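Everything on this sheet refers to the single structure shown next.
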Amino acid sequence: VVGSGCSFTRGSIDHENPKRLTYSKEAEKYSNYSYVRLVGKNLNVPYWNYAVGGAGNNFSIRSLYRHVEDNPDTIKDTLFILGLSYNNRYDFIHPDEKSEPLQHEGLNVYKYSYREQMAKMLGSSEEEAVNLGTLFYKYIYNQSTFETESLMRVDFIKNYFENKGLKLIIA
Numbered sequence: 001v002v003g004s005g006c007s008f009t010r011g012s013i014d015h016e017n018p019k020r021l022t023y024s025k026e027a028e029k030y031s032n033y034s035y036v037r038l039v040g041k042n043l044n045v046p047y048w049n050y051a052v053g054g055a056g057n058n059f060s061i062r063s064l065y066r067h068v069e070d071n072p073d074t075i076k077d078t079l080f081i082l083g084l085s086y087n088n089r090y091d092f093i094h095p096d097e098k099s100e101p102l103q104h105e106g107l108n109v110y111k112y113s114y115r116e117q118m119a120k121m122l123g124s125s126e127e128e129a130v131n132l133g134t135l136f137y138k139y140i141y142n143q144s145t146f147e148t149e150s151l152m153r154v155d156f157i158k159n160y161f162e163n164k165g166l167k168l169i170i171a
């Protein structure tokens, strides 16, 4: 079983960052209850979960696509799960992404603040990273257009999996 999505697919993340409004130390035990993990355990098969809290559909679709392309000899009997997120979450592709290995189980802990993470990923200052997001949502983002684009990507990945004879569940 291979899954990807946002925090809804990953499992509880409320224990990872004490600065979260929903922080709860008790939530740590719930991080083991992602539905990707439960499907794998109930089928008694290995599972991989690329889901990351806050990820958008672009990341989730891209990570499943990369898994198929990077592992062509091991995917025949794999069940793939795509957990859809909000359409207004737009993921920029990191220029070095293809050279970086995909992470199983998403991010384990937040070592940086969101601003620090973005700046580190972009190789920019924190101010530049924040400005990029501000400019994007002010001048580029359009809810209707992005909903259509998101649906097109879902159609793409469905057809891609069907053409390869692979099993995909969209949640």
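Going by my numbering, the final residue of the sequence shown carries number 171, and the count climbs one at a time with no gaps.
Just so you know, even glycine gets a beta-carbon here, dropped at the ideal spot from N, CA and C.
As the structure is a computational prediction, the values presented were derived from the model and not from experiment.
Taken in chain order, the complete beta strand (DSSP E) segments of 3 residues or longer contained in the segment 35-101 are 79-82. In the three-state DSSP reduction, L122 falls in the helix class (H, G or I).
Segment contact: the segment 33-53 against the segment 72-90, three or more CB-CB distances shorter than 8 Å; contact assigned. The way I'd put it, the segment 156-168 does touch the segment 57-73; three or more beta-carbon pairs between them come closer than 8 Å. Rounded to whole angstroms, the gap between the alpha carbons of N142 and D73 is 40 Å.
Around the beta-carbon of N49, 16 or more other beta-carbon atoms lie within 10 Å, marking it buried. In chain order, I61 place their CB closer than 8 Å to the CB of F156, counting only its own chain and leaving out the 5 sequence neighbours on each side.
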